[in-house]
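Chains A, B and C supply the protein sequences, listed in that same order.
For the first sequence, the positions run 1049 to 1276 when the working numbering is used.
For the second sequence, the positions run 365 to 538 when the working numbering is used.
For the third sequence, the positions run 2 to 803 when the working numbering is used.
Beta carbons: idealized from backbone N, C-alpha and C, even for Gly.
Since the structure is predicted, the reported quantities are computational estimates derived from the model, not experimental observations.
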Amino acid sequence: MTPAGSLLAARDLRKAYGRTSALDGVDFSVHPGEVVAVMGPSGSGKSTLLHCLAGIVRPDSGTVHYDGHVLTAESDARRSALRRRDFGFVFQFGQLVPELTCLENVALPLRLNGAKRRAAEATAREWLGRLEVDDVHGKRPGEISGGQGQRVAVARALAVRPRVLFADEPTGALDSLNGERVMTLLTDAARDTRAAVVLVTHEPRVAAYADREVVVRDGTARELAGTA
Amino acid sequence: MSIGHTLLGLLESGPRHGYDLKRAFDEHFGQDRPLHYGQVYSTMSRLLKNGLVEVDGIEAGAGPERKRYAITDAGVTDVAQWLHRPEKPEPYLQSTLYTKVVLALLTGRDAAELLDTQRTEHLRLMRGLTERKRKGDLADQLICDHALFHLEADLRWLELTAARLDKLAQAVNA
Amino acid sequence: MTATDRRPRDRTDRPAPAPRTGLGARLGDLAMGVRFAVTGGREGWARTLLTALGVGLGVTLLLAAASVPHLLQSREDRGRARTPADAAQTVHRADNTLLTATADTVFRGDTVHGTLLHPDGARPPAPPGVRDVPGPGEMVVSPALRELLASPQGKLLRDRLDDRITGTIGDAGLVGPGELTYYAGSDTLTTEAGAHRVASFGARSEAEPLDPVLFVLLLVACVVLLTPVALFIATAVRFGGERRDRRLAALRLIGADARTTRWIAAGEALFGAVCGLVAGAGLFLLGRQFIGAVTVWEVNAFPADLTPVPALAALIAVAVPLAAVAVTLFALRGVTIEPLGVVRNAVTRRRRMWWRLPLPVAGLGILLLAGEFQQQDEAAPPFMIASGTVLVLLGIALLLPWAVEASAARLRGGPVPWQLATRRLQLSSGGAARAVSGITVAVAGAIALQMVFAAIQGDFMKITGQDGRRAQLNLSLPTADVSTTRQMISDFRKTEGVRAIIAGIEADAARPGPRRTGEPFVPRTQFTVGDCPSLREMARIGSCRDGDVFVVHDSTGMVDDAYIGQTARPGKQVIFNLDSRTDEPDGPPRLWTVPKTARTVDSRKDPAGETRFGIFATPAAVDTGLLAAPVARAMVRTDPRVPDAAEYVRNTAARIDPLMSVDTLQNLQRDKNYASVRTGLLIASAATMALIAASMLVSMVEQLRERRRLLSVLVAFGTRRATLGWSVLWQTALPVGLGLALAVAGGSGLGVALLRLVGKSDPDWSVLWPPVATGAGLVLLVTLVSLPPLWRMMRPDGLRTE
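Okay, structure coming up:
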């Protein structure tokens, strides 16, 4: 049972780490092309929700439906394949492979999907251009600034043309100006490709880039009224 | 800030006379601006005229005689509506919001819901501003950013308050 | 953080108000480092423990190596002490003399040292470790032999050594605790039967000088086996270094200067090394308690024998901590510990080849020069061999980081795992190269040594010409009259597991009559009596019946065939008792006529590889009483289904005469020591490599832990486990592959140079493979063992932001 027209929907997700319950019956859904902000205080279970939705973590109970699949019932290998093909990820920091150049970092998910190196790097070059970081191709992540790095990460997430983009505090390590720019580029690109975006953030100004917000508090999520 | 709604809310917990009302108001909300007697009586007469309060009785005592006011059903409804209506997000809103939260707590209403409603309203405005900013020129962006930063500050306050509701309820109802 | 932030800042620090300088300050920093190691919480202790374990293993090996001289010396001392005193001058029979004879035997491949003692009087000298000389029918045995005899497995041996056990040989009389030795009393021993009369035990003979070839090998083996240990210790003190550096960054934040932090780091390493020293000493002391149970190269020692040479032990105790400090300081020279993080300038400072190459070249030069000495029949100076070898091996170790960096820099593209691995190596190849340099040195050394061994194995192995399929045992029957000999042969024939006895009674036969003109002596030949099956093993006799006689000509051309023909003439007589000195009969002539029917046939090598010829007669054809001074030779064909057949035969032999020797016939005789030295070398180099593999594993797991978050991110992307697994494999395999290539090149160079030293050429290249295969196997092992931690690190927990 999923809300009509939703691309990704979760019902009654529960997940505990040891004795601490991270999710305690969460419902969630996102439509194609929709940007949903997941907000809430630290430790409220935002990231756990994202991990469950993306099939990285299997919830203790509850279901996640994605495009006709019951994600929570799929094998690890199938979920991995789905993540490679249909999902994109941006995290707060530490996500670029330090020994690969920026270009190779962006090309990495394409290559994991089986693309040829040249083709992958051509696409990567294009996305680095879209995110206004043409000049970092040959550099390693250690040699560029945090803002550039985050743009490279966004380029990497979008290069596979994901149907769902998961962003966990994508601007958490950036100053306002860089954060704003990254969010603008991210949401613009996502709208262009009609990707759904699950945006975990605790910053209202970042959440303001979303179409809708969900607040996770004490392991339960509330879709706030009147937000449509 | 609506003094009328505030006084009405204070009456919900039981009938009071004007002097009591002033003292209760000052205790909860009058930290930097105590209420004048005159304001109390002019407000009460307006509420009386609108049928939101009624005179419960007249106390005779050693001093001057005092009218005791009680809230009417219409008054209770009015308070409820006011509390649940999000404020138009604007700078320096917190005094009103604070009043609403405390009143909600005093009247046993759901303060968290109030805060969430307000938060949604704030975010809706922020989304609008963000959208405008994306499409606008630099001047638009700067103006929007000013508003956005203020709204963000409010929102942070809302979050913080939401996180401290339990403590506040204890303090208020003590 | 921007790009400029990351650049290493000027390392000169703001001058502190009162800068601490000099030795005192450095020692203070070291002490602080030690304190950090002790109080550094769980992480500090984990690091210290890891280092201590690594260093401890290395120290154990070093201590064991330092004990070898003492071990060999004490074994030799005890061995000499029990040898009957040198009988250069005849000892006269007296109250305090005895007769001794060696009566060694073999039991299931193990040598049992036996000595028969026959006291001449009431005060015979006792061998070391023996309190009272055993009387007739009594014996004293070593504890190992006592145990063996008492066990069910030793029952067969008990049948052979059936004397009453009256005592145990003390440690002083044994070369090693596992030795099988007995002294048995005898009252039949005579000097005529091969016994010696002695007045005391303890040979004063000088130690034989070590064979120069063996000396070179030993020296090189020591260097080859100990260089990786030293490298391993150097690697072990770096365990956990990256995380320590980050902790040190915090110290910079509160005001420590760069030099101080480096010395504090050295202090931590020092503490780990000292703990390692203690652990190593403990492991060594513990391990040597069990040394008695181990027999390597037929060498087996008492725990007390394994005592390090004091000077070497002191050297280890001083050098290991000093090395820890030096290695840490050296390792940190390329690292800038900043208050806000650690900057490695690995990328900026490229490795250069120019200063690395001269080392191995110089080493090879020295070895070749030493080879010149050898050509001029002078002993090569050991100093040159050792230093040349060390230089070559260290040079290889030094070249490796450069080689890894240079080749990794040239690698481009490839599949994702390959790309991840090569890029990782490009970014920081030092750690991988360091770990691998140990393997490289071990493999290079093993290759060099194996080449030398393969080249000199001809010296240690010869084709005996014996045919172990036709007969398995060769008996030396004591001299006796023919009927006694026949009795012995029949005893053997009746022994369990014996299928056939190939026996011949031999004597001389000559042509009767005086020497003819032109003859330097009277023609004579051999006369052999045996049954048909036995004769068939010695000559191609064809059909045979008892009563037949054959004239056997040598088909190999070894024997002067003419004499056979001139002696053995069918229809004519031969004489058995012609004195070869006088050409006159010794007493009345004992004559015998070669039958006219005697057939002339070709000889055949007997199973012991000897060519028999002359006149062969079956028992019915001749009266053996005619033969003068007959001797018997016998070989035994055993039943392969009776595994202990040889032991039954030896028991029979011991019953007949304890001094009779029973030898195994084998096609190839390989020097047992040579084989065991070669095996030992393989095992030792494999152990060294395993040690290094362990250190590679530690750094690999450490690296994975460092990258926990990144791994989780990659998993979030949907990266297959296999992809990351392969990248781990490549990351190990690439440097190891390069290391092995370098090892093959350097090792064969070293091998060729060493071959010249021992005067050999024609290297056997097939010996390259086993060490290379071992190295490759270790790569696989390291990868396999890294996989479970890798899987664990790949859990999404790493994504959680702290």
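Three-state secondary structure (DSSP) of residue i
i, result
"B:K497", "helix"
"C:V699", "helix"
"B:E477", "helix"
"A:R1166", "helix"
"C:D547", "coil"
"C:P178", "coil"
"A:K1063", "strand"
"C:G519", "coil"
"C:V238", "coil"
"C:G115", "strand"
"B:H510", "helix"
"C:K606", "strand"
"C:A501", "strand"
"C:A257", "coil"
"C:T639", "strand"
"A:R1265", "strand"
"B:K452", "coil"
Beta-bridge partners of residue i, as assigned by DSSP
i, result
"C:W593", "C:V575"
"C:T169", "C:V142"
"A:T1249", "None; A:T1249 has no bridge partner."
"C:E826", "Any question about residue 826 of chain C goes unanswered here, given that chain C covers just 2 to 803."
"A:G1136", "A:L1213"
"C:G615", "C:V553"
Any C-beta of chain A under 7 Å from that of residue i
i, result
"B:E418", "no"
"C:G726", "no"
"C:A347", "The predicted position of C:A347 is uncertain, since its pLDDT is 44 and thus under 50; a value taken from the coordinates is nonetheless stated next. It does not; no Cβ of chain A falls within 7 Å."
"B:R387", "no"
"B:T494", "yes"
Residue nearest to residue i in terms of C-alpha spacing, selected from the options
i, options, result
"C:L692", "C:L31, C:N652 and C:L62", "C:L62"
"C:G155", "C:A53, C:E648, C:D468 and C:L28", "C:E648"
"A:L1098", "A:D1115, A:R1260 and A:L1056", "A:L1056"
"C:L497", "C:R651, C:V199 and C:L100", "At residue 497 of chain C the sequence reads Glu, which differs from the Leu that was named. Checked all of C:R651, C:V199 and C:L100; the closest Cα to C:E497 is C:R651."
"A:V1181", "A:G1197, A:E1191, A:A1167 and A:E1169", "A:G1197"
"C:F233", "C:T52, C:L474 and C:P513", "C:T52"
"C:M701", "C:A445, C:M140, C:V442 and C:A434", "C:A434"
"A:R1133", "C:R796, C:V773 and C:A717", "C:A717"
"A:G1088", "A:L1071, A:H1079, A:A1102 and A:L1101", "A:L1071"
"A:K1187", "A:L1160, A:L1144, A:D1266 and A:R1211", "A:L1144"
"C:L360", "C:R582, C:S388, C:A754 and C:L392", "C:L392"
"C:H554", "C:P513, C:S604 and C:P128", "C:S604"
Partner residues on chain A for residue i, Cβ-Cβ distance less than 9 Å
i, result
"B:M408", "Here the premise fails: no neighbours, minimum Cβ distance about 34 Å."
"B:L502", "Neighbours of B:L502 on chain A: none; closest Cβ ~13 Å, over 9 Å."
"B:L532", "Residues of chain A passing the Cβ test: none, with the nearest at roughly 16 Å."
Within-7 Å CB hit, residue i to chain B
i, result
"A:P1189", "no"
"A:P1252", "yes"
Per-residue contacts from residue i into chain B (C-beta, under 8 Å)
i, result
"A:P1218", "By Cβ distance, chain B contributes nothing, its closest Cβ being about 15 Å from A:P1218, past 8 Å."
"A:A1201", "Going along chain B, no residue has its Cβ under 8 Å from A:A1201, so there is no contact; the nearest lies around 21 Å."
Contacts of residue i in chain A (Cβ-Cβ under 8 Å)
i, result
"C:L730", "Within 8 Å Cβ-Cβ: nothing; C:L730 doesn't reach chain A, min ~16 Å."
Short CB-CB distance (under 7 Å) between residue i and chain E
i, result
"A:E1261", "The chain inventory of the structure shown lacks chain E, comprising the protein chains A, B and C."
Beta-carbon neighbours of residue i, restricted to chain B and to distances below 7 Å
i, result
"A:R1229", "Correct list: empty, because the minimum Cβ distance to chain B is about 11 Å."
Beta-carbon neighbours of residue i, restricted to chain C and to distances below 8 Å
i, result
"A:V1112", "Result: empty, since nearest Cβ-Cβ is about 15 Å, beyond 8 Å."
"A:F1137", "V714, A717 and F718"
Residues that residue i contacts on chain A, provided the C-beta gap is smaller than 7 Å
i, result
"C:G414", "R1165"
CB contact below 7 Å: residue i versus chain C
i, result
"A:R1159", "yes"
"A:R1062", "no"
Partner residues on chain C for residue i, Cβ-Cβ distance less than 9 Å
i, result
"A:G1091", "None at all; the shortest Cβ gap to chain C is about 10 Å."
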